[in-house]
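Residue numbers (the numbering used here): 1 to 414. Step one of this worksheet: look at the structure below.
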Ligand SMILES: [Zn+2]
Ligand SMILES: [Zn+2]
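Right under this line is the structure:
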């Protein structure tokens, strides 16, 4: 077996590598954009001959270039992942085009075969729902690709699932391709999503004000955190069309529906237009038909509401202008680095300053801390560890002595 690393060996993002078997099987794992979105897709060797593309999860740095792949190559991913990728692609202002390659949906623990390569997907705990790690077997060799993961989210049992599998099968793993987003953070003692929820509840109990939340709509773990915090503090969570569409389309029994009791739906012009451009008119019209305007009620009882904020609410004249936002609170619940981007400064940052908003950062990462990385290594017991999805591949050597550093475009004989 061979692994060709196209990109992602020395950066967080642009994940992409290919596994080739002696029998001629060729599978690509992820085809992601760099995090800053600068740079072209890596040139793939004879890409029409690729037998399948496995996508670990619906984050751009793992799927961003898939629309450039030939249409006849089948994709493999979770059904949830596929729904979210298609939604993002439709809504993107540039193309509005969702991929239409045939997609085979993967289920955790269910093995699939592509030519002579066997792949077993495992559900991963990550800030994207539907995330997977992959066990890859061919020519008597095995690789485990962690992709992005953590053990502190709302699926902490993913570690025990792996433990049970590896104990039962005594699988010898030749290479573990291990994400190392936080490899250099030595003494981080990470919170769990549940601990974060408790801190948010405590914060919400105090202020007698309207509280805004700035978080990614596709981080479903975090949505659940705010939804639960709303219930625990007897508040109403105000969501936009985007969040409503995600909840209704994913249709996951354990998630609330957009018309649940303590959810209030809030459409606004910009987003309605965006949804119609994306050919999601049918959903949008249904949404608008069942919607009642509540801005006066929110202004009269601001402390009863938690309001999910989108930057597009702040552009142009729309229904959001009728909400009294002066001196409100904002919980910032995303990667802190976004706050240095121009986009953020011009929209949310500017809005915070202008309206005297009190901002509080409350967030935990979707990525493994050192403890989680060590735990995964102990479970998988690989012969070799390949640093991936990291800015600091050399730092891996501080923690393990069987680290094999690879470079972009390198081919590794397994
Ligand atoms: Zn990633
Ligand atoms: Zn990710």
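The beta-carbon is built from N, C-alpha and C at its ideal position, and this holds for glycine as well. Just so you know, these numbers come straight off a predicted model, no measurement behind them.
For residue i, the three-state DSSP class (helix, strand or coil)
i           : result
residue 181 : coil
residue 138 : strand
residue 361 : strand
residue 38  : coil
residue 49  : helix
residue 302 : helix
residue 286 : helix
residue 228 : helix
residue 406 : coil
residue 159 : helix
residue 210 : coil
residue 112 : strand
residue 168 : helix
residue 5   : strand
residue 280 : coil
residue 19  : strand
residue 173 : coil
residue 312 : helix
residue 63  : helix
residue 154 : coil
residue 149 : coil
residue 199 : helix
residue 220 : helix
residue 412 : strand
residue 186 : coil
Own chain residues within Cβ distance below 7 Å of residue i, not counting five before or after
i           : result
residue 406 : 5, 9, 386 and 412
residue 125 : 149, 150, 151, 153, 155, 156 and 158
residue 334 : 214, 215, 216 and 363
residue 225 : 193, 196, 197 and 200
residue 257 : 247 and 248
residue 169 : none
residue 284 : 241, 272, 275 and 276
residue 83  : 249 and 250
residue 116 : 21, 23, 25 and 138
residue 91  : 274 and 278
Proximal residues to residue i (C-beta, below 8 Å), its chain only, five neighbours per side dropped
i           : result
residue 118 : 111, 112, 136, 137 and 138
residue 277 : 96
residue 315 : 270 and 347
residue 102 : 74 and 75
residue 236 : 230, 262, 263, 264, 304, 305 and 306
residue 71  : 100 and 101
residue 79  : 105 and 130
residue 309 : 212, 213, 214, 330 and 348
residue 89  : 67, 95, 96, 97, 98 and 99
residue 327 : 209, 355, 356, 357 and 358
Residue i burial status per 10 Å Cβ neighbour count (16 or more: buried)
i           : result
residue 300 : exposed
residue 459 : The structure shown does not extend to residue 459, since the chain spans only 1 to 414, so no value can be given for it.
residue 197 : buried
residue 361 : exposed
residue 167 : exposed
residue 172 : exposed
residue 376 : buried
residue 380 : buried
residue 221 : buried
residue 132 : buried
residue 342 : exposed
residue 36  : exposed
residue 373 : buried
residue 49  : exposed
residue 365 : buried
residue 219 : buried
residue 179 : buried
residue 398 : exposed
residue 87  : buried
residue 449 : For the chain, the structure presents residues 1 to 414; residue 449 sits outside this window and is missing.
Closer than 7 Å to chain D by CB, residue i
i           : result
residue 366 : Of the chains in the structure shown, none is chain D; there is only one protein chain.
Close beta carbons around residue i, own chain, < 6 Å, minus the five adjacent residues each side
i           : result
residue 141 : 1, 174 and 414
residue 325 : 355
residue 318 : 268, 269 and 270
residue 203 : none
residue 68  : 41
residue 395 : 183 and 184
residue 232 : 201
residue 128 : 57, 58 and 59
residue 20  : 2 and 26
residue 384 : 175, 402 and 404
residue 207 : 329
Closer than 5 Å to ligand 2: residues, by C-beta to nearest heavy atom, in chain order: Here the list is 59 and 148.
Segments of 4+ residues assigned as alpha helix (DSSP H) that fall wholly inside the stretch 324-402: If we require 4 residues or more, the alpha helix (DSSP H) runs fully inside the stretch 324-402 come out as 350-354, 370-380 and 396-399.
Start-end ranges of the alpha helix (DSSP H) lying completely within the stretch 79-108, minimum 4 residues: Segments of the alpha helix (DSSP H) lying fully in the stretch 79-108: 79-91.
Sequence ranges, alpha helix (DSSP H) only - wholly within the stretch 238-267, length at least 4: The qualifying runs are 241-250.
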